[in-house]
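Residue numbers (the numbering used here): 1453 to 1760. Glycine included, each C-beta is placed from N, C-alpha and C at the ideal position. A quick write-up on the structure given underneath.
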């Protein structure tokens, strides 16, 4: 357990530092928005391309990884539809509960993958992003269009918003990295070293940004919705993923990575989508904050069970 806590501690300490910096006013508040755009469109894609391109994928059971990750998400989505819509209190609130349960904080995923398994862990988490993120984006957008407070024209033309999925820089980055890998292009002179440096900057800055985005007011106002989304995300989904992974014969580091990926707190980007597509944005902020804090307790337990 001590080894697990040692691996997780730097991640959550950086999140705490980000929270403290935001509240201390030592940094201009406008910095955080600019930092998030820099991470999302440049630094993080560089990390994903570089990590995926350099890794030996030949020994990975990619089919079992995809089946466990995507299968777990789809089963949870069905469970949420059957149980959580009435608990949420309103349709916009349900969209936030849903997003909180299926989305994952990719910054935390990549940081933990690197801390636990080194470059191999970065590649495993990049593959998890490739499998899970398109699925989650499709489900989230469909739910937002059906239950969010969006214009009727947007509800009638879902293809307009599916462009979000195709143009997602994280998904496209993993695809580029995988294409380079399959083509045997592991290193590109000048370009690869630059991407490696940019990628190294993405994780600390990303975790600081996660901490800066935390807020507590909505947690007290919607306890049932926050609890339902968090239990689904931090307990039910990793359990379902673990059962599917075992059934598919997945083992080793890949097994730990896929279960850990589906045990991480929800993504900060869920708040942006809630604002843009008529979800309950204050509730979404509360779910993000609660899950990020709760994961500091649940992740050591999950990881200890996986590595026992």
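Taking the Cβ atom as the reference point for each residue, do residue i and residue j lie within a distance shorter than 8 Å?
i            : j            : result
residue 1395 : residue 1524 : Outside the displayed span of the chain (1453 to 1760) sits residue 1395, for which this structure offers no information.
residue 1582 : residue 1565 : no
residue 1654 : residue 1499 : yes
residue 1595 : residue 1555 : no
residue 1724 : residue 1557 : no
residue 1710 : residue 1562 : no
residue 1514 : residue 1568 : no
residue 1467 : residue 1662 : yes
residue 1678 : residue 1753 : no
residue 1664 : residue 1471 : yes
residue 1560 : residue 1717 : yes
residue 1546 : residue 1599 : yes
residue 1715 : residue 1551 : no
residue 1548 : residue 1747 : no
residue 1751 : residue 1460 : yes
How should residue i be labelled, buried or exposed, when 16 other C-beta atoms within 10 angstroms of its C-beta is the threshold for buried?
i            : result
residue 1759 : exposed
residue 1659 : buried
residue 1741 : buried
residue 1592 : buried
residue 1483 : exposed
residue 1458 : exposed
residue 1530 : exposed
residue 1570 : exposed
residue 1699 : exposed
residue 1676 : exposed
residue 1481 : exposed
residue 1625 : buried
residue 1553 : buried
residue 1634 : exposed
residue 1478 : exposed
residue 1465 : exposed
residue 1486 : exposed
Along the alpha helix (DSSP H) that carries residue i, what are the first and last residues, could you check?
i            : result
residue 1745 : 1733-1759
residue 1477 : Neither: residue 1477 is in no alpha helix (DSSP H) and is coded neither H nor E.
residue 1586 : 1571-1599
residue 1504 : 1496-1506
residue 1673 : 1669-1673
residue 1723 : 1721-1728
residue 1662 : 1643-1664
residue 1543 : 1543-1554
residue 1638 : Note, residue 1638: premise wrong, no alpha helix (DSSP H); not H, not E.
residue 1690 : 1689-1699
residue 1706 : 1704-1713
residue 1489 : 1482-1490
If residue i and residue j are in contact, beta carbons under 8 Å, what's the gap, nearest whole angstrom?
i            : j            : result
residue 1584 : residue 1702 : So it is not a contact: roughly 15 Å between Cβ atoms.
residue 1650 : residue 1494 : 7 Å
residue 1628 : residue 1501 : 5 Å
residue 1621 : residue 1497 : 5 Å
residue 1743 : residue 1686 : 6 Å
residue 1574 : residue 1503 : 4 Å
residue 1404 : residue 1527 : Since the first residue shown for the chain is 1453 and the last is 1760, residue 1404 is missing from the structure and cannot be characterised.
Can you find a CB in chain D that lies within less than 8 Å of the CB of residue i?
i            : result
residue 1459 : Note that chain D does not occur in the displayed structure, where there is just one protein chain.
- Query: Taking three-plus beta-carbon pairs below 8 Å as touching, is the segment 1724-1737 in contact with the segment 1670-1678?
  - Reply: yes
Query raised in the report: Is the segment 1676-1687 touching the segment 1499-1519 in the sense that three or more CB pairs, one from each, lie closer than 8 Å?
Result: Touching, no.
**Prompt:** Do the segment 1705-1713 and the segment 1721-1731 touch if we need at least three Cβ pairs shorter than 8 Å?
**Reply:** As far as the Cβ criterion goes, the segment 1705-1713 does not touch the segment 1721-1731, which means the pair count is below three.
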